[in-house]
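In the numbering used here, the protein residues as written are 7 to 244. I have placed the structure first, in the form of structure tokens, so that the comments after it can refer back to it.
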Amino acid sequence: MTDQLLVERRDFVEVLTLNRPDRMNTISGPMLQALSEALVTADADQDVRCIVITGAGSKAFCAGLDLQGASEGNAFGDQADDAPRSRSGELDLALGCDIRVAAENAKLAPAFVRRGVLPESGGTWLLPRILGYAKAAELAFIGETILAKEALDLGLVNKVVPEGDALDAAVEMANKIAANAPLAVRATKRMFRVAQRETFDDHVNHVYLQLLPLFQSKDFVEGFTAFLEKRAPDFKGR
């Protein structure tokens, strides 16, 4: 693990902080490896029910891949130069998350075409599915920076909060998710993903197959019992 990525556990929530504030949290090779390893580790940890990804400092969540070293023959830059050379705003990383929270002063920069490249980390798959083809094409083909309010109106972010409150708001939402039955949340997310490539009839059958093991889980019994007893459920993830 590198100090370019900070890992903090808050109850059932894992907070991953991109930690290069002096370079606007641009992603270096070591940071990318650490982030990948942290995500794999958290996915295998039954005590992690939700993950929050944030950036250190107040300047940026992430200004993209650090290409400072690319011109010097390295895969990713890891030098301490004055200004980072980034591919674009790291919109793809945010799009890969299920829910996005932005500070009111945040700016999102889908500027790939302005750098002579295209979204390389899933953006071409995710953006049309989030916004619809026409609006995704407008943002990606023009590449202009948009403000948080516009991103909220478009449905690109779920919530806009005062400057400095984004992490707390994201953790609050994560805690609400983590309070629900982990197996059910996981199954719901899985079905959201596969629904993108299934017919409605096939999907309904697939959902039924996901329901069968949930009906047999202890969390299902706990959820039903808590409802009858009018109390908050205590889910264990099994």
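Cβ atoms here follow ideal geometry from the backbone N, Cα and C, with glycine treated the same way.
Terminal residues of the alpha helix (DSSP H) in which residue i lies
i	result
E144	139–148
L124	Run containing L124: none; DSSP gives neither H nor E here.
A190	188–200
H229	According to the sequence displayed, residue 229 carries Gly and not His. 224–235 is the span of the alpha helix (DSSP H), which, as asked, contains G229.
D207	206–221
D174	172–184
Residue i (DSSP reduced to helix, strand or coil)
i	result
V54	coil
G79	With a pLDDT of only 49 at G79, under 50, the local geometry of the prediction cannot be trusted, and no value is derived from it.
G61	strand
L133	helix
L153	strand
S42	helix
L162	coil
K242	coil
T8	coil
A66	coil
D104	coil
Same chain, Cβ closer than 6 Å to residue i, neighbours up to 5 away in sequence not counted
i	result
E20	A48, V54, I57
L173	T60
G63	P27
F67	G61
K65	M30
A100	R106
R192	none
S127	D98
T23	L12, T60, A62
Local Cβ density within 10 Å of residue i, reported as buried at 16 or more and exposed below that
i	result
P168	exposed
T32	buried
F206	exposed
S42	exposed
S34	buried
G138	exposed
R244	exposed
D240	exposed
D72	buried
L124	exposed
S77	At S77 the pLDDT is 49, less than 50, meaning the model places this residue with poor confidence; the figure from the coordinates comes in the next sentence. Counting Cβ neighbours within 10 Å, S77 comes out exposed, since fewer than 16 surround it.
Same chain only: Cβ atoms within 8 Å of residue i, ignoring 5 sequence neighbours per side
i	result
E110	A154, K155, V166, V167, P168, E169
T8	P36, M37, Q39, A40
A232	A238, P239, D240
Residue i - containing beta strand (DSSP E), residue span
i	result
K165	165–167
V107	107–109
Chain-order list of residues whose beta-carbon lies under 7 Å from that of residue i (same chain, five-residue window excluded)
i	result
I105	N164, M179
A89	Only weak support is given to the placement of A89: the predicted model assigns it a pLDDT of 37, under 50, and the question is left unresolved by the model.
V200	H212
R135	Q202
L160	L137, K141
CB contact check: residue i to chain E, cutoff 9 Å
i	result
L71	You won't find chain E in this structure, because it holds only one protein chain.
Residues bridged to residue i [DSSP beta-bridge criterion]
i	result
V13	L22
K113	L153
I33	L71
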